[in-house]
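Here is the structure we will look at.
2 protein chains.
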Amino acid sequence: MERRKVLKIAAGAVAAGGSGLVAMTTAFKPEVKAAEKPKNIEFKANESDWKYVPLEPATTAEIAYAEYPNGSCMYGVFKSVVSQLAAIVGEPFASFPSQMMKYGHGGVNGYGTICGALNGAAAAVSLLVGDKKNCDVLMAELFAAYETTPLPEFKPKDPGMDFEPPKSVAKSVLCHASTTRWGKKAGYTISSKERKERCRRLTADIAFKVVTILNNYHANTFMANAHDNETARTCMTCHGSEGKLGNTSGKMTCTSCHEESLAHKVFADSHHKFMSKR
Amino acid sequence: MERRKVLKIAAGAVAAGGSGLVAMTTAFKPEVKAAEKPKNIEFKANESDWKYVPLEPATTAEIAYAEYPNGSCMYGVFKSVVSQLAAIVGEPFASFPSQMMKYGHGGVNGYGTICGALNGAAAAVSLLVGDKKNCDVLMAELFAAYETTPLPEFKPKDPGMDFEPPKSVAKSVLCHASTTRWGKKAGYTISSKERKERCRRLTADIAFKVVTILNNYHANTFMANAHDNETARTCMTCHGSEGKLGNTSGKMTCTSCHEESLAHKVFADSHHKFMSKR
């Protein structure tokens, strides 16, 4: 966005929106005049510069495993892909600030939401594929595999510790649920080095899988083969955007957080009277 | 990562890990020889180049609202910050591929996990602040505000539609829960244009808030003032990494998905016998 457009939008914007969150800004003075002078750098990357070239999945998994200690799960997956493209293609990959992906640790800044390995994979796929609908299809494949595959599978060439993590089925793409379920199965605490080794190997698994998906997409040989998420499909038949209720969205396994109430079993069909405006 | 390191790791890596996800790769042949020649571009960005300069929160909110239709919530928040830095500072912001942030729509590729506005804010804070511990503190402030503040608050200067969205308290940072709770309160379906307008304004709210936080951090005047998440604190006293069970992690409001069982009420203290290895 050009400066004049920014300033144009700025006109009167101060009077607009967000007032309720304004508490912390009462003392705010814009310091645009104090900003650095624009740097005159010839290099300009545009969308077409972010071209994927096929990578070796097993190599990518080893790199993700090696990078995990430097920035956790999201960083490990993203860096394993982009660092190889930087070595092979050069710019713009060489200048991408992959360190920013460290925020995905622990389900985004430790909040326990999406598994960082999946967040990093989604970021990489979006950068390299672009088209929103295609990205959604490719990632649904990865997410469904994550929810249903016993992980971790990866066996590192140079293990960080002498421990073979038990496998568990996450039944969820959320860090909180995935790590808790593994801990319950394996009998280790959330802060144990064994749990961290599990996540380190799972990071390698996701790096392997996302590069496999990208290679197939690049070669026009991609075929979705993850199992259909039956619980989500069953619920979304009525609750999804195409359902008679159309009151929710999402593709996560529903039963990780929800169970069907007796009232729903008996009276579900009466829900139509609660239909929302369309 | 340099090419030689990649190749070094590649040695023997094919024999390693990820075998269970190998199904789709049987026909894979690395095409590194077919890759583009490395481009010789002088520009190299490093971490210190991603310097934040204070931005006007209300202006940022207007830009986020204007950008939302071009790429949804995560893109709207991220682009509203980076596009202004590109206009003021220039490179490396001008070349950042903000379009990649479109993947955050609908809780990451429509999966319903983390609200894209928060994912975009976390990505921007990580890029501009860097330090992991500081990023976690700043984002916990934003996440807690999101869970407890009736949103949306933003009033656009140039509204996309003649509709004032009712406010709802998300009680969750997950897209699925946040949008469903709003729809229940407002009486609109998940695919309604009214729900999209709600998310468009919420995107502006988060852009306003994250720039407010960044300005205060930049001015060394940041003070966390979000209410403590009592439900999470209560549960994590035993279940968190410092608790006697130490069997889970996360900062999300627990009661959005979990309710206390009678058995837990009566026998919670006997949990110590299920303690995991540390």
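So the protein lines, in turn, are chains A and B.
Counted the way the working numbering counts, the first sequence spans residues 86 to 363.
Counted the way the working numbering counts, the second sequence spans residues 86 to 363.
We put the CB at the ideal spot given by N, CA and C, even for glycine.
In this text the structure is predicted, and so the values were computed from the model without any measurement.
- Using a CB distance cut-off of 8 Å, B:F228 counts as an interface residue toward chain A.
- Proximity of chain B to A:L259 at the Cβ level (cut-off 7 Å) is accounted for by T198, in chain order.
- In the DSSP assignment, B:H324 falls within the unbroken alpha helix (DSSP H) covering E315 to H324.
- Ranked by Cα distance from B:G191, the first of B:S183, B:K329 and B:C260 is B:C260.
- Per DSSP, reduced to three states, the secondary structure at B:I291 is helical.
- Taking a Cβ-Cβ cut-off of 9 Å, the neighbours of B:C220 in chain A comprise K187, Y188 and N194, given in sequence order.
- In this structure, B:S180 places its C-beta atom within 8 Å of the C-beta atom of A:P177.
- Residue environment analysis places A:K281 among the buried positions, since at least 16 neighbouring C-beta atoms fall within 10 angstroms of its C-beta.
- Contacts between B:W135 and chain A, judged by CB atoms closer than 7 Å, involve P182 in chain order.
- The beta-carbon of A:L287 is placed no less than 8 Å from the nearest beta-carbon of chain B.
- Residue range G201 to V214 is occupied by the alpha helix (DSSP H) that includes B:V210.
- A direct Cα-to-Cα measurement between A:L140 and A:N300 gives close to 7 Å.
- Residue contact check for A:G335 against chain B: a CB pair falls below 8 Å.
- The three-state secondary structure of A:S180, taken from DSSP, is helix.
- Here the C-alpha atom of B:G156 lies approximately 27 Å from the C-alpha atom of A:N314.
- Ranked by Cα distance from A:K187, the first of A:P142, A:A202 and A:T265 is A:A202.
- Within the stretch 236–257 of chain A, contact with chain B at the beta-carbon level (separation under 8 Å) is assigned to E238, F239, K240, P241 and K242.
- For the pair A:A143 and A:L212, the Cα-to-Cα distance works out to about 21 Å.
- For B:Y231, no chain A residue has a Cβ inside 8 Å of its Cβ, as the nearest lies near 10 Å away.
- Counting along the chain, A:K269 sits inside the alpha helix (DSSP H) bounded by residues C260 to A271.
- Under a criterion of Cβ atoms nearer than 9 Å, no residue of chain A is adjacent to B:C320; the nearest Cβ is some 11 Å distant.
- Residue contact check for A:T338 against chain B: no CB pair falls below 8 Å.
- The alpha-carbon of B:N194 is positioned some 29 Å away from that of A:K240.
- Under the Cβ distance rule, B:T274 counts among the residues neighbouring chain A, one pair being separated by less than 8 Å.
- At a Cβ-Cβ threshold of 8 Å, A:V162 and A:I291 count as neighbours.
- If you check the CB distance, B:Y153 and B:R285 come in under 8 Å.
- Contact annotation, A:K256 with A:L236: C-beta distance approximately 11 Å; criterion of less than 8 Å not satisfied.
- With contacts defined by Cβ atoms closer than 8 Å, A:K362 and B:S277 form a contacting pair.
- At a Cβ-Cβ threshold of 8 Å, A:K294 and A:F228 do not count as neighbours.
- Cα atoms of A:V174 and B:T338: separation of roughly 44 Å, rounded to the nearest angstrom.
- Check the Cα spacing between B:P250 and each of B:H303, B:K270 and B:T333: the tightest is with B:K270.
- Comparing alpha-carbon positions, the option among A:K329, A:N332, A:G325 and A:C320 lying closest to A:K350 turns out to be A:C320.
- One alpha carbon belongs to A:H343, the other to B:T264, and they sit about 16 Å apart.
- One thing to note: B:T306 has its Cβ no nearer than 8 Å to the Cβ of B:T340.
- Put simply, the CB of A:C284 is far from chain B, with every gap to its CB atoms at 8 Å or more.
- Listed by position along chain A, the residues whose Cβ is nearer than 7 Å to that of B:P177 are S180.
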